[in-house]
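With the first letter of the sequence shown counted as 1, position 310 gets the number 321 in this note's numbering; the numbers rise by one all the way through.
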Amino acid sequence: MLRRSLLGLISLLAAVPVAAQPAFYLHQDDRVVFYGDSITQFYQYNAFVETYVVSRWPGLNIRFINAGWSGDWVVGGGGGTADERLARDVVANRATVATVMVGMNDGAYQKFDQAFFDVYTKGYEHLLDVLHQSLPGLRVTLLQPSPYDDVTHAPEFEGGYNAVIARYGQFVGELSKRRNFMAVDFNAPLVAVLQKANATDPVVAAKIIPDRIHPAAAGGLVMAAALLKAWNAAPVVTSVELDARRGRVERSENTVVSDIQKGDVFSWIQLDQALPLPIDTADPVLALVVKSSDVVETLDQETLRVTGLRAGTYLLKIDGIAVGPFTAEQLNQGTNLALLPTPMLKQALDVYALTMRRNDVRITAWQNVQYGLRKETSPHVVEATAALNALEEDILAQQRQAAVPQPHHYELVRQEEH
Numbered sequence: 012m013l014r015r016s017l018l019g020l021i022s023l024l025a026a027v028p029v030a031a032q033p034a035f036y037l038h039q040d041d042r043v044v045f046y047g048d049s050i051t052q053f054y055q056y057n058a059f060v061e062t063y064v065v066s067r068w069p070g071l072n073i074r075f076i077n078a079g080w081s082g083d084w085v086v087g088g089g090g091g092t093a094d095e096r097l098a099r100d101v102v103a104n105r106a107t108v109a110t111v112m113v114g115m116n117d118g119a120y121q122k123f124d125q126a127f128f129d130v131y132t133k134g135y136e137h138l139l140d141v142l143h144q145s146l147p148g149l150r151v152t153l154l155q156p157s158p159y160d161d162v163t164h165a166p167e168f169e170g171g172y173n174a175v176i177a178r179y180g181q182f183v184g185e186l187s188k189r190r191n192f193m194a195v196d197f198n199a200p201l202v203a204v205l206q207k208a209n210a211t212d213p214v215v216a217a218k219i220i221p222d223r224i225h226p227a228a229a230g231g232l233v234m235a236a237a238l239l240k241a242w243n244a245a246p247v248v249t250s251v252e253l254d255a256r257r258g259r260v261e262r263s264e265n266t267v268v269s270d271i272q273k274g275d276v277f278s279w280i281q282l283d284q285a286l287p288l289p290i291d292t293a294d295p296v297l298a299l300v301v302k303s304s305d306v307v308e309t310l311d312q313e314t315l316r317v318t319g320l321r322a323g324t325y326l327l328k329i330d331g332i333a334v335g336p337f338t339a340e341q342l343n344q345g346t347n348l349a350l351l352p353t354p355m356l357k358q359a360l361d362v363y364a365l366t367m368r369r370n371d372v373r374i375t376a377w378q379n380v381q382y383g384l385r386k387e388t389s390p391h392v393v394e395a396t397a398a399l400n401a402l403e404e405d406i407l408a409q410q411r412q413a414a415v416p417q418p419h420h421y422e423l424v425r426q427e428e429h
């Protein structure tokens, strides 16, 4: 009976995800295209955005499409001109939402040059004109380019290249106001994290943007957080307050608590509507970025508060797995489980891994086969593209299934004093 009830709750939660956060920027059936250069193609910030949405609202049918192309300038690059790219990679994909980030290559990795800047400004205006004419209802978010790392490495010339990139980003911000688009600064927040991390551990901080251009996952997390916050993402994963003495739920958010049992072991079953961010703090770079940013405070609050416990130390177990010891005082004050080794975090990391795998297949199908072999006359190119597209759909289905809420059994076991 309990299992049938829980499965019914899972179906209900999957069917009505939008109600959990109606103010979020993305909507049911949106098709989100990330347009840009290699920083977008490598899918570091985008993967966190996609995984956040998929795991916070597992029933929300939103499609994410990576349209980043390594080496791109605002006028295009190896994947064709900007006009060709927009027609093939944004319009043909029936985007309802697009993010745009170009600029890292446009400054040519040298001191500010007005001629290069003029090409950028004119090209950016043209890019937005094409989008508006081709997709009049498209919701566009302009991303001010992420930094060139002049923090953990000495600038290569006076002022440094990131000052050039920041000037390009300033133009993007001004353009967004003039065009009435949303703009999100990817530069300043990541520079601030680099500075704080560098003061703590310079060796590890240098790995946040290891080649000074392309952020690793840890840098992508900061960028994703900036975008998600601009899109009105909520900080709460779940929030639970229990009274152990009375054996009742005082408050719950984004979860359903049932089967509370009092006694030597205080236990309950929890069916969450969302998963924490897929942050693996065993990765020292991610751990340093978490310590140097407000990502957890603003986007990753999975709080548990238990009052009415006898004084002492309690071992929290979830599905029989020891999560950690907590004092009655700590539990009374409340603790954030988001970064702890819980089954929920493992599930989120599984979703993230499938997100990355799906993107790898998409890039292979789109860039290496469909476009890379476009002059090949063999019919097997079409067959190979179709097979890879089908494989992407298979992985997408696995990703969505992996994000479905699962019930978990919680126990607080009082530890004997020695």
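The beta carbon of each residue, even a glycine, is placed where N, CA and C say it ideally should be.
Integer Cβ distance of residue i from residue j, believed to fall under 8 angstroms
| i | j | result |
| --- | --- | --- |
| Ala-349 | Glu-313 | 4 angstroms |
| Tyr-54 | Asn-370 | 5 angstroms |
| Gly-87 | Ser-81 | In fact, because the Cβ distance is near 12 angstroms, the residues do not count as touching under 8 angstroms. |
| Met-355 | Leu-286 | 6 angstroms |
| Phe-182 | Thr-110 | Not quite, the Cβ-Cβ distance comes to about 17 angstroms (not below 8 angstroms), so this is no contact. |
| Val-233 | Val-307 | Not a contact, Cβ separation roughly 12 angstroms. |
| Leu-310 | Leu-239 | 6 angstroms |
| Tyr-172 | Gly-118 | 7 angstroms |
Euclidean distance between Cα positions of residue i and residue j
| i | j | result |
| --- | --- | --- |
| His-38 | Ala-241 | 15 angstroms |
| Glu-264 | Glu-169 | 52 angstroms |
| Ala-58 | Ala-364 | 9 angstroms |
| Val-130 | Ala-106 | 26 angstroms |
| Val-43 | Glu-427 | 53 angstroms |
| Gln-344 | Pro-418 | 25 angstroms |
| Lys-386 | Arg-99 | 16 angstroms |
| Glu-422 | Leu-327 | 6 angstroms |
| Thr-318 | Asn-116 | 55 angstroms |
| Val-204 | Ala-236 | 12 angstroms |
| Gln-409 | Pro-416 | 14 angstroms |
| Gly-114 | Gly-230 | 17 angstroms |
| Pro-390 | Ser-49 | 30 angstroms |
| His-137 | Arg-223 | 29 angstroms |
| Tyr-56 | Val-151 | 17 angstroms |
| Val-101 | Leu-139 | 12 angstroms |
| Val-248 | Gly-335 | 19 angstroms |
| Leu-250 | Ala-244 | This sequence places Ser at residue 250; Leu is not what is there. Ser-250 and Ala-244: Cα-Cα distance of roughly 16 angstroms. |
| Ala-395 | Val-380 | 7 angstroms |
| Thr-51 | Ala-413 | 24 angstroms |
| Ala-228 | Arg-321 | 42 angstroms |
| Val-85 | Leu-360 | 34 angstroms |
| Ser-303 | Val-215 | 12 angstroms |
| His-143 | Leu-97 | 11 angstroms |
| Leu-149 | Phe-45 | 13 angstroms |
| Phe-128 | Gln-121 | 12 angstroms |
| Arg-425 | Ala-376 | 54 angstroms |
Coil, strand or helix - residue i by DSSP
| i | result |
| --- | --- |
| Trp-279 | strand |
| Gly-70 | coil |
| Glu-387 | coil |
| Asp-140 | helix |
| Leu-146 | coil |
| Phe-182 | helix |
| Pro-336 | strand |
| Lys-357 | helix |
| Leu-350 | coil |
| Gln-409 | helix |
| Val-438 | Nothing can be reported for residue 438: it is not among the residues displayed for the chain, which extend from 12 to 429. |
| Glu-169 | coil |
| Leu-155 | It is Gln, not Leu, that sits at residue 155 in the sequence shown. In the structure shown, Gln-155 sits in a strand (DSSP, three-state: E or B). |
| Val-268 | strand |
| Leu-365 | helix |
| Asp-196 | strand |
| Ile-220 | coil |
| Phe-123 | coil |
| Ala-58 | helix |
| Trp-84 | strand |
Span of the beta strand (DSSP E) around residue i
| i | result |
| --- | --- |
| Ser-263 | 259-264 |
| Tyr-421 | 418-425 |
| Val-233 | Counting along the chain, Val-233 falls outside any beta strand (DSSP E), though it belongs to the alpha helix (DSSP H) covering 228-241. |
| Leu-327 | 324-329 |
| Ala-103 | Per DSSP, Ala-103 belongs to no beta strand (DSSP E) and is neither H nor E. |
Any non-hydrogen atom of the ligand ZN within 7 angstroms of residue i CB
| i | result |
| --- | --- |
| Asp-405 | In the structure shown, the ligand ZN is absent, as is every other ligand, since no ligand is present at all. |
Span of the alpha helix (DSSP H), counted from its first residue to its last, around residue i
| i | result |
| --- | --- |
| Arg-96 | 93-96 |
| Glu-308 | 306-310 |
| Thr-51 | 49-52 |
| Leu-297 | 295-302 |
| Ala-216 | 213-216 |
*Please determine if the region 81-95 and the region 261-275 are in contact, where contact requires at least 3 C-beta pairs separated by less than 8 angstroms.*
no
*State whether the region 162-178 contacts the region 217-224, with contact taken as three or more CB pairs (one from each stretch) at a distance under 8 angstroms.*
yes
*asked:* Does the region 146-159 come into contact with the region 195-202, if we say contact requires no fewer than three beta-carbon pairs (one atom in each stretch) closer than 8 angstroms?
replied: yes
*asked:* Check whether the region 56-73 and the region 292-299 touch, using three or more Cβ-Cβ pairs below 8 angstroms as the test.
replied: no
*Check whether the region 182-192 touches the region 200-210, counting contact only when three or more Cβ pairs, one atom from each stretch, lie closer than 8 angstroms.*
no
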